[in-house]
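Residue numbers (my numbering), protein chains in the order written: chain A, 1 to 494; chain B, 495 to 615; chain C, 616 to 717.
Ideal Cβ placement from N, Cα and C applies to all residues, glycine included.
Just so you know, these numbers come straight off a predicted model, no measurement behind them.
To start, the structure under review is shown below, and the notes come after it.
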Amino acid sequence: MLAAAFSRPEIDYHAFAPEIVLVGALLLILVVDLLFEDRARWATSTLAGLGLLGALVPILTLAVDGGDRSMFGGAYVVDNFALVLKALFLIGGYLTVLISTDYIGEGDYYEGEYYFMLLSSLLGMLVIASARDLISIFIALETLSIPAYLLAGWRKRDLKGNEASLKYYLLGVFASGVMLYGMSLIFGVTHSTVLTVIGERLAGGGASVPIVTVGILFVIIGFAFKVSAVPFHAWAPDTYEGAPTPITAYLSVASKAAGFVALLSLVFIAFEGRSDVWQPLFWVLSALTMTVGNVIALRQTNVIRLLAYSSVAQAGYMLAPFAVAGHTGVNQAVESVVTYLLVYLAMNIGAFAVVMAVARKTRSGELSSFGGLFEYAPGLTVLTSIFFFALAGIPPLGGWYAKLVIFRTLLDQPTVWSVVLAVLVGVNSAIGLYYYASVARETWMRPVPDEDRTPISVPSSLAAAIGLCAIATLAIGVVPQIVARFAHLAPFGS
Amino acid sequence: MSDFLQAYLTVAVFGGTAGLLIAGVLGLGRLIRPSRPNPDKLTTYESGVDPVGSGFSQSQVRYYIFALLFVLFDVEAVFIFPWAVGLETYSYFGLVEMGIFVFILVLGLVYAWRKGVLRWV
Amino acid sequence: MLLNQFLLLGAVLFCIGVYGVLARKNGVLVLMSIELILNSVNINLVAFGMMGGDAAAITGQVFALFVITVAAAEVGVGLAIVLLIYRNRTTVDLDEVDLMKG
Numbered sequence: 001m002l003a004a005a006f007s008r009p010e011i012d013y014h015a016f017a018p019e020i021v022l023v024g025a026l027l028l029i030l031v032v033d034l035l036f037e038d039r040a041r042w043a044t045s046t047l048a049g050l051g052l053l054g055a056l057v058p059i060l061t062l063a064v065d066g067g068d069r070s071m072f073g074g075a076y077v078v079d080n081f082a083l084v085l086k087a088l089f090l091i092g093g094y095l096t097v098l099i100s101t102d103y104i105g106e107g108d109y110y111e112g113e114y115y116f117m118l119l120s121s122l123l124g125m126l127v128i129a130s131a132r133d134l135i136s137i138f139i140a141l142e143t144l145s146i147p148a149y150l151l152a153g154w155r156k157r158d159l160k161g162n163e164a165s166l167k168y169y170l171l172g173v174f175a176s177g178v179m180l181y182g183m184s185l186i187f188g189v190t191h192s193t194v195l196t197v198i199g200e201r202l203a204g205g206g207a208s209v210p211i212v213t214v215g216i217l218f219v220i221i222g223f224a225f226k227v228s229a230v231p232f233h234a235w236a237p238d239t240y241e242g243a244p245t246p247i248t249a250y251l252s253v254a255s256k257a258a259g260f261v262a263l264l265s266l267v268f269i270a271f272e273g274r275s276d277v278w279q280p281l282f283w284v285l286s287a288l289t290m291t292v293g294n295v296i297a298l299r300q301t302n303v304i305r306l307l308a309y310s311s312v313a314q315a316g317y318m319l320a321p322f323a324v325a326g327h328t329g330v331n332q333a334v335e336s337v338v339t340y341l342l343v344y345l346a347m348n349i350g351a352f353a354v355v356m357a358v359a360r361k362t363r364s365g366e367l368s369s370f371g372g373l374f375e376y377a378p379g380l381t382v383l384t385s386i387f388f389f390a391l392a393g394i395p396p397l398g399g400w401y402a403k404l405v406i407f408r409t410l411l412d413q414p415t416v417w418s419v420v421l422a423v424l425v426g427v428n429s430a431i432g433l434y435y436y437a438s439v440a441r442e443t444w445m446r447p448v449p450d451e452d453r454t455p456i457s458v459p460s461s462l463a464a465a466i467g468l469c470a471i472a473t474l475a476i477g478v479v480p481q482i483v484a485r486f487a488h489l490a491p492f493g494s
Numbered sequence: 495m496s497d498f499l500q501a502y503l504t505v506a507v508f509g510g511t512a513g514l515l516i517a518g519v520l521g522l523g524r525l526i527r528p529s530r531p532n533p534d535k536l537t538t539y540e541s542g543v544d545p546v547g548s549g550f551s552q553s554q555v556r557y558y559i560f561a562l563l564f565v566l567f568d569v570e571a572v573f574i575f576p577w578a579v580g581l582e583t584y585s586y587f588g589l590v591e592m593g594i595f596v597f598i599l600v601l602g603l604v605y606a607w608r609k610g611v612l613r614w615v
Numbered sequence: 616m617l618l619n620q621f622l623l624l625g626a627v628l629f630c631i632g633v634y635g636v637l638a639r640k641n642g643v644l645v646l647m648s649i650e651l652i653l654n655s656v657n658i659n660l661v662a663f664g665m666m667g668g669d670a671a672a673i674t675g676q677v678f679a680l681f682v683i684t685v686a687a688a689e690v691g692v693g694l695a696i697v698l699l700i701y702r703n704r705t706t707v708d709l710d711e712v713d714l715m716k717g
């Protein structure tokens, strides 16, 4: 009964090239680590970096080639949206490798496995950007999450590291369980897992049963955990504090971006016809997330926890376009979320990188340990100010353009609800400015806490990461057309 | 009453009989047996030896690692069975695809072997 | 008629699993509750698939196979994390793992 005629699927190897390069690189790292053991530990980070840059090459050739490529009955699509986001993930991964190199090498952790896990997680992200099918979205999400659970607990003997890993794991797995249950309900009503087909059948009106509402709610709640939206954010600050700092940067940028990418394709392709269900939900999530994130961030005395709550709040800004997408149209919402993600990548990884550089000397993440940074490390002080003011959204640094795009989307076709949300974004930006500025004030004006003024030696790869992020943040702020052009390409292809 | 519920009625009667039987036998035992409570009867070993340590003892961790490896590789076989049934229709394409899948799995096994997890210590 | 029984079973299993995750303190029991959630999803997928014709039946079963394998991987990782915590602090009681308060 079940035997269907087998026809060999057409596989477009060019479209798969980035994933194939990445799989090759990560298997190579595993083999090199096994064969050479201690003699080649240093090589694994170089290999990981090269693998990520190598995977960027086919993305460029695919972009030059143009055109949408669709495989497996529409389950796997390589369009401009996917390409822009794959490039974002690979660059984010490369920056993570750069800031990890010395941290992991000096910390006496397992190096080969570290880069293997990091690249596996990135592989999941590459797939999720192209996934247009419930099964492939689920598999990609797990491929990126399972290595991330282990990376969060990489400091095996550190109790905080254990706790970070456990909390992230339990809530992450619980969230995927809830999301899967929602997916099973949606599959039950539409009898398909391909997003475009689900979209047609849900919009057709024949499927207005309550079970669809429950399914959509469960799927969105599952992803709300992944992007750490309030009230599903409880794991984020603890995990961010206990995980190794490069992984914190990675989780707060790349992993969150992957959650948003899956949300974009699910909500705007599969659930587009049911904006009556998801629009109010996103409004509440967005308003709660930015307000709660910012208010708690005000009280933090540890810079890593401050950045953790700030990243919760930033997720709130990114959720805002979803809440109005039913009025303004899908394309504008996708464009503004992608813009925000691109800008956020540069400034947030930069902020974590400077915190890491300072912590190399002070061995602490406390806000007070940043006191008087200007007296012994003026360069780092300027860079710290650049990244934190960019996160606050001060022109001419990158963050202002991202906020502007969100405002423009909210106020394009004003309804009462979208105006209220825009006001909330404004108020929250002001709160954000207060605590971002408090970090800057500490570095410029306060005395050095322990009178130790030895300059900080920043290793070259960490310096390269900071430099790249700083250039990107400044360039986006001064010439926002760079991101605007990429984000404009982004909306879904056929 | 529909056929469906009638089918379940059998189950209910069966379950009810089982419950009654257990209750009856236990109740009968309770009626007949003498009841003389004694603190010695509550100790773990009535022979008189006191237990040492807590009831929760650690088992050998090596069992855990073997069990974990077994579960992982066993579950991957779930993909191989449907493939094996249809191997003739998939022809060389299927063979190569499964070869890649098994190759990656074998790398995992080699990793476990090189890390000394498979050695019985 | 037949579909409802399976969905009911799935929903009950899902609720037991969610209750277990929220109420249990022992790390291993929480992992078992998560397995219950994933199995309720499998029941749903296979049951819905059988109602939707041949193509949907295969899709549902393939989806269930993927859920099974991913669940095995997740539990492997989860047990490793719980074991690590047990080694470092000789407890699997989740309420005692609270160095940091969200």
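- Looking at the backbone, the Cα of A131/A and that of I137/A are separated by about 5 Å.
- Under the 8 Å Cβ criterion, the region 463-483 of chain A counts as touching the region 339-350 of chain A, having at least three qualifying pairs.
- With respect to chain A, the C-beta atom of N703/C has a partner C-beta closer than 9 Å.
- Contacts between V572/B and chain C, judged by CB atoms closer than 7 Å, involve L680, I683 and T684 in chain order.
- The Cβ atoms of G664/C and I652/C do not sit closer than 9 Å to each other.
- Close partners of V604/B in chain A (Cβ separation under 8 Å): L34.
- Residue-level contact by beta carbon holds for V569/B and chain C, with a gap shorter than 9 Å.
- Within the region 199-249 of chain A, the complete alpha helix (DSSP H) segments at least 4 residues long are 210-226 and 235-242, listed from N- to C-terminus.
- In the DSSP assignment, Y76/A falls within the unbroken beta strand (DSSP E) covering Y76 to V78.
- Distances from the alpha-carbon of Y115/A to those of V23/A, G199/A and S192/A put V23/A closest.
- With respect to S252/A, S192/A sits apart: the two C-beta atoms are not nearer than 9 Å.
- Note on G668/C: under 16 other CB atoms within 10 angstroms of its CB, so exposed under the neighbour-count rule.
- When V64/A, T61/A and N80/A are compared, the shortest CA-CA separation from S70/A is found for N80/A.
- With a threshold of 16 other beta carbon atoms within 10 Å, W278/A meets it and is buried.
- Among the bridge pairs identified by DSSP, N619/C is matched with none.
- The three-state secondary structure of E10/A, taken from DSSP, is coil.
- For the pair F573/B and F595/B, the CB atoms are nearer than the 9 Å cut-off.
- The criterion of a C-beta distance shorter than 9 Å is not satisfied by A308/A and A390/A.
- Remark: C-beta atoms of T101/A and S461/A approach each other more closely than 9 Å.
- At a cut-off of 9 Å, the C-beta of F575/B has no neighbouring C-beta in chain A.
- Given a length threshold of 3 residues, the region 292-347 of chain A has no whole run of the beta strand (DSSP E) inside it.
- Using beta-carbon distances, F587/B counts as an interface residue toward chain A, with a partner under 9 Å.
- One thing to note: P244/A has its Cβ within 9 Å of the Cβ of Y109/A.
- In chain order, A257, L341, L342 and L345 place their CB closer than 7 Å to the CB of L88/A, counting only its own chain and leaving out the 5 sequence neighbours on each side.
- Excluding residues up to 5 positions away in sequence, M117, S120 and S121 lie with their Cβ nearer than 6 Å to the Cβ of P147/A in the same chain.
- Among the residues facing chain A, Y502/B is not included, as its CB has no counterpart in that chain under 9 Å away.
- In terms of CA proximity to G199/A, S265/A leads the group V261/A, V448/A and S265/A.
- In its chain, beyond the 5 residues on either side, V448 and R453 have a beta carbon closer than 8 Å to the beta carbon of E375/A.
- In chain order, L699 make up the part of chain C whose C-beta sits under 7 Å from the C-beta of K156/A.
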